[in-house]
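Step one of this worksheet: look at the structure below.
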Amino acid sequence: MRSFGLAFAAWFEKYTFLLIPGSLVLGWLLSDYLLDFVHWIPYLFGYITLIMALGCGIRHLQGVLKKPFAVILTLLLAHAAAPVLAYGLGSAVFGAQSDYTIGLLLFAIIPLGISSVMWVGSSGGSVPFILAVVVLDTILSPLVVPALMDMFIGDALVTWNSSELILDLLTMVVLPTLIGVMLYEVSKGRMKDWSAPVTQPISKLFFMLVVMLNAAAIAPHAAGMKDEMLVVIPVVLTLIVICYLLGYFGSYVMLGPTQEMQITFTYASGMRNISLGMVLATSYFSPQASIPVVLGIMFQQPAATVIHALFHRRRTRAVIYPK
C-alpha cells in the first residue's frame, strides 16, 4: 500500500500537465452531474493546503526571512509587477471595465502555486526557499488579495464582499496552513513522510476534483462565449508567458543571481494557486471573469513543462560546452 501510494503521487506529478487540463475538460462535459457537489470545493481545497504545509516548519520560514531581499523581490514581481502588466494587457485588449480584465487581474494577484515547488525541485531550483515563500504568501493572502483587488477595481466595476473574502481565505487557506506547520513542528518533520502514502494520493485526487467542480460551475456560462474565446485564449497565453519571463529577468535585480535562484524566481513568478483562483472567481465574480482563470489552469502546467525543458537544455549545454 505504501509503495503504491507514493508511486501514484509520483505518477500524478509526472503527468500533471495532462491530468489537470483533462480534469478541466471532464468537468465541463460532466457539468450537469457535478453541479450538486460544487459546495465541496472549500473543504477539498482546505485539505490540499494542509497537506502542502506539512512539508514546511518554522525553521524554513526563519531561513527565508534571512534572505529578505529575495523574498521581497519575489513578492513584488508576483504581486506588484504582474498585476500591473495583467491589468494593462486586459485594459488594452478588452477595456478597463471588462470582466475579462478583472479575471486577468485576479490570475496575477492570487498566491503562488504549490505546484511550483515540484517544478523548482525537478528543474534544479531552491526547494526550501520556494516552499517557505509559498507558505508565507499563502498566509498573507487574506491581506494581499482583497487589498490589490480594491486598489485596481474598487467597488465600481463589480460588487463583492471583501470582508467575506478575507474570512474565506482565513478558513480555506491560512488555518489549514498553520495546522500543517504545527503538525510539522510537533512531529519534528516526520509527519509528511509518515503520512505521504495515504495523504499525498488523496491530495492529488482532490486537486483534480477541485478543478472538475470549478469547471462544472462555470460550464453553463462559458457555452455562450465561444466566439470570444478566440481573443481571450491568446491573451491568457500571453500573460502566462509574461509572468514566467518576469521572474526570469527579474532575478537579475539580485545582481549576479545563481542559476538555482533564476529557476526559483521563474516558477515563483509564473505559477499561481489556480485552484484558489478558480474558487474565488466562481464565488465572488462573474462567470466571464472566471474564464481567464480557468484558461490559466489549462496552460500554466504545459507552460511549466516547456520552461523545465529549456532549463534542462541549458544545463546539458553547460556540461557539454563548459566555459
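This note's numbering puts the first residue of the sequence shown at 15, with every later residue one more than the last. Quick reminder that beta carbons are idealized off the backbone N, C-alpha and C, glycines included.
Between the CA atoms of residue j and residue i - distance to the nearest angstrom
i, j, result
"Glu27", "Leu294", "25 Å"
"Leu32", "Ile277", "22 Å"
"Leu251", "Gln315", "12 Å"
"Asp164", "Ile116", "11 Å"
"Val375", "Asp50", "This structure gives no information on residue 375, because the portion of the chain shown stretches from 15 to 337."
"Val85", "Ile193", "23 Å"
"Gln214", "Gly109", "42 Å"
"Lys81", "Leu253", "28 Å"
"Leu154", "Leu58", "21 Å"
"Ala170", "Val307", "Low local confidence applies: a pLDDT of 47 at Ala170 is under 50, so the model's placement there is unreliable, with the coordinate-based value given in what follows. One C-alpha to the other measures close to 21 Å."
"Met243", "Leu183", "30 Å"
"Thr152", "Leu309", "22 Å"
"Val212", "Val149", "22 Å"
"Ala96", "Tyr114", "16 Å"
"Ser300", "Ser209", "39 Å"
"Leu324", "Ser137", "9 Å"
"Ile232", "Met292", "10 Å"
"Asp241", "Val107", "15 Å"
"Thr1", "Ser304", "The structure shown has nothing for residue 1, since the chain only spans 15 to 337."
"Ser105", "Met205", "47 Å"
"Thr185", "Gly19", "28 Å"
Status (buried if at least 16 other CB within 10 Å, exposed otherwise) for residue i
i, result
"Arg286", "buried"
"Val200", "exposed"
"Pro248", "exposed"
"Leu227", "buried"
"Ser41", "The sequence given here places Gly at residue 41; Ser does not occur at that position. Answer is buried; the Cβ neighbour count reaches 16."
"Thr319", "exposed"
"Leu223", "buried"
"His53", "exposed"
"Ser289", "buried"
"Tyr101", "buried"
"Ile72", "exposed"
"Tyr198", "buried"
"Phe166", "buried"
"Val267", "exposed"
"His74", "buried"
"Leu269", "exposed"
"Leu129", "Residue identity differs from the one stated: residue 129 is Ser in this sequence, not Leu. Under this definition Ser129 is a buried residue."
Delimiting residues of the alpha helix (DSSP H) encompassing residue i
i, result
"Ser137", "129-137"
"Phe166", "141-166"
"Gly1", "The first residue shown for the chain is 15 and the last is 337, placing residue 1 beyond what the model contains."
"Met186", "Run containing Met186: none; DSSP gives neither H nor E here."
"Gly291", "288-298"
"Met285", "It is not in any alpha helix (DSSP H) - Met285 carries neither H nor E in the DSSP assignment."
"Gly203", "Here Gly203 belongs to no alpha helix (DSSP H), and DSSP marks it neither H nor E."
"Ala106", "96-107"
"Phe83", "82-90"
Chain C contact for residue i (CB, 8 Å cutoff)
i, result
"Glu178", "You won't find chain C in this structure, because it holds only one protein chain."
Nearest to residue i (by Cα), restricted to the options the options
i, options, result
"Gly264", "Leu99, Gln76, Thr280", "Thr280"
"Thr272", "Gly139, Leu189, Arg327, Leu38", "Gly139"
"Phe262", "Ile288, Leu219, Ile65, His322", "Looking at the sequence itself, residue 262 is Tyr, so the reference to Phe does not match. That would be His322, whose Cα lies nearest to the Cα of Tyr262."
"Thr76", "Leu126, Gly270, Leu145", "Position check: residue 76 holds Gln in this sequence, whereas Thr was assumed. The shortest Cα separation from Gln76 among Leu126, Gly270, Leu145 belongs to Leu145."
"Val225", "Ser17, Gly36, Trp25, Ala21", "Gly36"
"Leu90", "Asp207, Gly104, Pro125, Cys70", "Pro125"
"Ala23", "Ser177, Ala230, Ile305, Phe220", "Phe220"
"Val159", "Ile311, Leu181, Val141, Gly104", "Leu181"
"Trp25", "Met132, Val187, Val255", "Met132"
"Pro234", "Lys202, Asp46, Ala21", "Asp46"
Assigned secondary structure, residue i (DSSP; H/G/I helix, E/B strand, else coil)
i, result
"Leu68", "coil"
"Leu126", "strand"
"Ser112", "coil"
"Gly270", "coil"
beta-carbon residue i near the ligand SAM non-hydrogen atom, thresh 7 Å
i, result
"Phe59", "The ligand SAM is not part of the structure shown, which contains no ligands of any sort."
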